[in-house]
Structure formats: C-alpha cells, structure tokens
Amino acid sequence: MYQKLMILSVFALLVSFGCNQGPGTEWELAWSDEFNYSGAPVDSLWNYELGYVRNNELQKYTNSAENIRVKDGFCIITCRMEEDSAITSASITTKNKNDIKYGRVEVRAQIPSALGSWPAIWLLGNNVKEVGWPACGEIDIMEHVGFDPLKVHANIHTKAYNHVNGDTRGNAIEVEDPSMDFHVYAINWYRDRIDFFFDDSLYHSYANDMQEDPDTWPFDEPHYLIMNLAFGGGWGGVKGVDLNALPLEYKIDYVRVYQKK
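Written out as structure tokens, the structure reads:
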C-alpha cells in the first residue's frame, strides 16, 4: 500500500510540475502561423519594429528579406553585418493585429547561440505608450544570451518587480544545448498565474497576488507578441560580442495561440 501511495504521489507531482502540458483538451486554437508559404511574414498577422529600438543593442531592425523571410516552412530571422559594417536584424510583432489576453502561447523555434546573441519571444502590454514600461507588463516566454549558452530564461516585469529594480521574477532552465535543435517555448496564461514551459517542462510560475494591484499584476490587459534577434546590448553584450559569428539565424517553425474552451 505504501509503495502504491508513493507511486501515486510521484505521478501527481510530475503532473503538477508540467509533464505533458501541451494544448490538450483544455485549449482551442485561436490563431496560428505555420509559415507554410514563402516570402515576407503575412501582413494580416505581423508588423515590424524598425531602427535602433532598445537596450543599447548593436543591431538595426529592418524589414529586408536579408533579415527576415519565410522559406521552407520556417520564418528565418538573420542577424548579419552589412558591407558598411552596420549590424542588422529583424523583430516582428502582432501589435494592433492580434491581441493576446490569457490563453496558451506556443512557439517552436531553433535559436542561435554566439557571444553577443540575444534571441527572444515575449509579450508586451498594449498600453505601453499610455503607462510606460514596466507598468504595462512584460512576459518573457524565452530569452537566451550567447555568453550563457546552456540556459533558457523566463521572466516577468511589472512596476513592482523588474530588472531595473533588481527584483524581477524569473527563473532559468539548464539544458544540454538549446541551439542545437528545435524546442517548444510556451506559456499558459491564466487569471491567477502564468506558467512557463521549455518543451514539456514547467520551470517557472508567476502567481497573481489577487490584490487587484496593476503594479504587481498588469496581466489582465491585452498584450502583443514580439519575436526578435538582438545582438549585444544591455544583457546580450555584457561579456562582449563575437562579430566573426555573424551571420546568425533564428528559425521559427510555428506560432500557435490558444484560448481556454
């Protein structure tokens, strides 16, 4: 009997910590991009960030086909050095096209890794222009920095908790080498918490304190999705950059957004 109870307890623990936490029967697909076409990312789903945007990063974001294209079933973001030595890359967003509020966000991708690389999948509050960052809320589904190649990071940023204050709420999972293969990066976003997954592993959860305080939980407002490949900057470049590693490719197999049934 004791052995049976132990087996049941282990099973319950595994379930609670994220085994088999894919879409399952809890979710239904709201929208997706499977990238089963060629050319530019479809206008109905995606916008581009352009120029030098944030974090003192070295790259200039463009919408050039040399920096972003859909080919062979993948959306490919390329960070490269131009003939004039400028570094260019791409960042696409769903701003003003596909709002996300609660649900499951799932991206299958193969990230690059080199000294200076900083690929990310993240959500930013639609009201960022009105209330500013970090009051708008930020959900980092995946961040990876090339100087720490075996770790994948999940973080949230709010007015109360953010990296400027030094008290962001996050975690990292160490894996064999995330850049060597495709992996699924996902969140399950509920009214009371946000769970973060690497493949089938739940490795971070941020709980709503249920105080109705937007300083700690700004996540009852719509957000938009961002996928970008940065190079250098405030985190990616803290240990230097390897310009000889360019070009770098960030391959995205699909984006799927689910809502609860």
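So for the sequence shown, the numbering used here puts the first residue at 246; every next one is plus one.
All C-beta atoms, glycine included, are put in the ideal place defined by N, C-alpha and C.
Which stretch, first to last residue, makes up the beta strand (DSSP E) that contains residue i?
i: Lys316; result: 313-316
i: Gly370; result: 362-370
i: Val390; result: First-last for Val390: undefined, no H or E at that position.
i: Val429; result: 428-434
i: Lys305; result: 304-306
i: His449; result: 446-452
Just to check my reading of the structure: residue i and residue j have Cβ atoms closer than 8 Å, yes? What is that Cβ distance to the nearest angstrom?
i: Gln304; j: Phe476; result: 5 Å
i: Leu368; j: Leu470; result: 6 Å
i: Cys320; j: Ile332; result: No, Cys320 and Ile332 are not in contact; Cβ-Cβ is about 20 Å, not under 8 Å.
i: Glu294; j: Thr338; result: 6 Å
So, using beta-carbon positions, are residue i and residue j closer together than 7 Å?
i: Asp460; j: Ala405; result: yes
i: Ser349; j: Trp462; result: It should be pointed out that residue 349 corresponds to Arg in this sequence rather than to Ser. No.
i: Leu493; j: Ala310; result: no
i: Asn371; j: Pro286; result: no
i: Gly361; j: Val486; result: yes
i: Ile401; j: Met472; result: no
i: Gly382; j: Thr403; result: yes
i: Ser334; j: Leu474; result: yes
i: Ser283; j: Val315; result: yes
i: Asn341; j: Gly318; result: no
Whose CA, out of the options, lies closest to the CA of residue i?
i: Asp426; options: Lys496, Gly482, Asn341, Leu368; result: Lys496
i: Glu457; options: Gly269, Asp465, His408; result: Asp465
i: Glu302; options: Ser336, Val315, Lys505; result: Ser336
i: Tyr451; options: Ile384, Phe280, Pro379; result: Ile384
i: Asn410; options: His398, Val397, Pro379; result: Pro379
i: Gly391; options: Pro423, Lys374, Ala399; result: Pro423
i: Trp363; options: Tyr347, Asp344, Ile322, Gly269; result: Ile322
Starting from residue i and walking both ways along the alpha helix (DSSP H), at which residues does that stretch end?
i: Asp477; result: Sequence check: residue 477 is Gly here, not Asp. Segment: none, Gly477 is in no alpha helix (DSSP H) and carries neither H nor E.
i: Glu273; result: Run containing Glu273: none in the alpha helix (DSSP H); it sits in the beta strand (DSSP E), 272-278.
i: Val373; result: 373-376
If we count Cβ pairs, one from each stretch, closer than 8 Å, do we get three or more for the region 496-504 versus the region 275-294?
yes
With contact counted as at least three CB pairs below 8 Å, one residue from each stretch, are the region 342-354 and the region 474-492 in contact?
no
The region 429-440 contacting the region 403-418, beta-carbon criterion three pairs below 8 Å
no
Cβ contact check for the region 323-336 and the region 425-434: 3 or more pairs under 8 Å:
no
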